[in-house]
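So the sequence shown is numbered by my numbering: it starts at 20 and just counts up by one. Written below as structure tokens is the structure these notes are about.
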Amino acid sequence: MTYADTLARAALDAQAPRRPDAPTVISTFAGRGGSSTGYHMAGYRELLAVEWDDHAVATLRLNYPHLDVWQGDIAQLTVPDVLTRTGLQVGELDLFDGSPPCQGFSTAGRRAMDDPRNQLFREYTRLLRGLMPRTFVMENVTGLAKGKMKTVFAEILQELKACGYQVTAGVVNAAYLGVPQARERVIFIGCREDLGLTPTLPTPQTRFIAAAQALADLPDRPTGPGLMTTRKWINVWARVTPGQDFASIHPRGNLFNYLKLSPDRPVGTITKTITTGNGGPGIYHWKYPRLLNIDELTRLGSFPDTYRWPGDPTNDQKDHMQAWAGIGNAVPPLMARAIGLHIQSTLLRTRNRYAYSIDLSTDTASDS
20 MTYADTLARA
30 ALDAQAPRRP
40 DAPTVISTFA
50 GRGGSSTGYH
60 MAGYRELLAV
70 EWDDHAVATL
80 RLNYPHLDVW
90 QGDIAQLTVP
100 DVLTRTGLQV
110 GELDLFDGSP
120 PCQGFSTAGR
130 RAMDDPRNQL
140 FREYTRLLRG
150 LMPRTFVMEN
160 VTGLAKGKMK
170 TVFAEILQEL
180 KACGYQVTAG
190 VVNAAYLGVP
200 QARERVIFIG
210 CREDLGLTPT
220 LPTPQTRFIA
230 AAQALADLPD
240 RPTGPGLMTT
250 RKWINVWARV
260 TPGQDFASIH
270 PRGNLFNYLK
280 LSPDRPVGTI
290 TKTITTGNGG
300 PGIYHWKYPR
310 LLNIDELTRL
320 GSFPDTYRWP
330 GDPTNDQKDH
340 MQAWAGIGNA
350 VPPLMARAIG
360 LHIQSTLLRT
370 RNRYAYSIDL
380 STDTASDS
């Protein structure tokens, strides 16, 4: 099965009717729907998505018109609000998801919960404590697990455990979970203590999806956003080896912070901006002197081909950049799908363990 086939099948799974007993999920910091889409692909029934950004909310509503999207400051969302909107009782939710920023923790190992930069993390744990879901997933940047920031990582881990959960955490590369993108993130997975189960990280795959494999069946489009039109820059682009950035050829040029995609490897992390100085490189096609178009970005981000982005990102530069930012900010759907399926098979399989069937047909024979 090709990558395109896998993605198409997952997209169909996302749209399939949910079983009444399907596992439930609430997504906070939902963004443009990366995690939501992944959990839909994994068979979850999403009860609520929480997001404040207008463009992100527009994207969610465009793709999930029947999803209850709560737009606003998460600090204004109360636990009773959530329970009323979802019809849940405390402890009934299967999975609570979110990616709150954690920039304000002390690198000296001291607690920094009063730092205003940690407000969003505090709101996440406030809802976690109030809802007491069976499991949770929290995603963040890999910087938390490196160097001096390891003390920050340990502090966050302790704070999550204090909410009443067994917690495991580690760096997960999306490329090992079926995404043609080498995107590394710290993933925290928690399981409520009373369930008596120890969470683990998903088992990595052994086969990468290269960019050329991922894009193989898309239309061949020589033109597109960021098309180089001057002979000077076309020559620079032609000299750059796929997989290298333009600094390897022209270190002081205006395009030094752009990257030429390698067809033989997964793409590096797709970031929310297109310049290194603002967070990450703009990615040029290996075959044509242009930036990746929206269909290619969508495919490499593991969003379904049918995923809709507001405006006209194919032809409008501003809309293209907005969609690029959405994909760059998102948890890749196939990554969320893999995590969601792993949680189902390891932590949620016993959520109805108190109910079981009794086969009476063998009782008499076995007693005689």
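Using N, Cα and C, we set each Cβ at its ideal position, and we do this for glycine too. For clarity, every value in this text was computed on a predicted model and none was experimentally measured.
Beta-carbon spacing of residue i, residue j below 8 Å
i      : j      : result
Thr15  : Thr219 : For residue 15 there is no data in the structure shown, the boundaries of the chain being 20 and 387.
Thr333 : Asn348 : no
Leu139 : Val109 : no
Val98  : Leu146 : yes
Ala75  : Arg51  : yes
Pro352 : Thr154 : no
Met354 : Leu234 : no
Assigned exposure category for residue i - 16 Cβ within 10 Å defines buried
i      : result
Val101 : buried
Asn254 : exposed
Val156 : buried
Thr242 : exposed
Val171 : buried
Arg200 : The residue asked about is misnamed: residue 200 is Gln in this sequence, not Arg. By the 10 Å Cβ count, Gln200 comes out buried.
Lys180 : exposed
Lys279 : buried
Given residue i as reference, the closest of the options once Cα atoms are compared
i      : options                           : result
Thr43  : Thr25, Leu86 and Pro199           : Leu86
Gly162 : Phe227, Cys182, Val191 and Arg148 : Val191
Met60  : Arg309, Ser364, Ala357 and Trp328 : Ala357
Trp343 : Leu316, Thr325 and Gly330         : Leu316
Leu214 : Pro119, Tyr184 and Arg258         : Tyr184
Asp441 : Arg80, Ile45 and Ile175           : Absent from the model: residue 441. The displayed extent of the chain is 20 to 387, so no value can be given.
Ala35  : Arg64, Thr21, Gly345 and Thr78    : Arg64
As assigned by DSSP and simplified to three states, the class of residue i
i      : result
Asn159 : strand
Gln14  : For the chain, the structure presents residues 20 to 387; residue 14 sits outside this window and is missing.
Val109 : coil
Val76  : helix
Gly57  : helix
Asp264 : strand
Thr294 : Bear in mind that the predicted position of Thr294 carries a pLDDT of just 47, short of 50, making it unreliable; the figure below should be weighed with that in mind. DSSP places Thr294 in coil when its eight states are reduced to three.
Leu67  : strand
Tyr83  : coil
Arg28  : helix
Ser46  : strand
Leu360 : helix
Leu102 : helix
Asp116 : strand
Ile289 : coil
Arg258 : helix
Counting only runs of 4+ residues fully inside the stretch 296-353, write out the alpha helix (DSSP H) ranges in chain order.
313-319 and 336-348
In chain order, what are the residue ranges of uninterrupted alpha helix (DSSP H) at least 4 long that sit wholly in the stretch 137-204?
138-150 and 169-180
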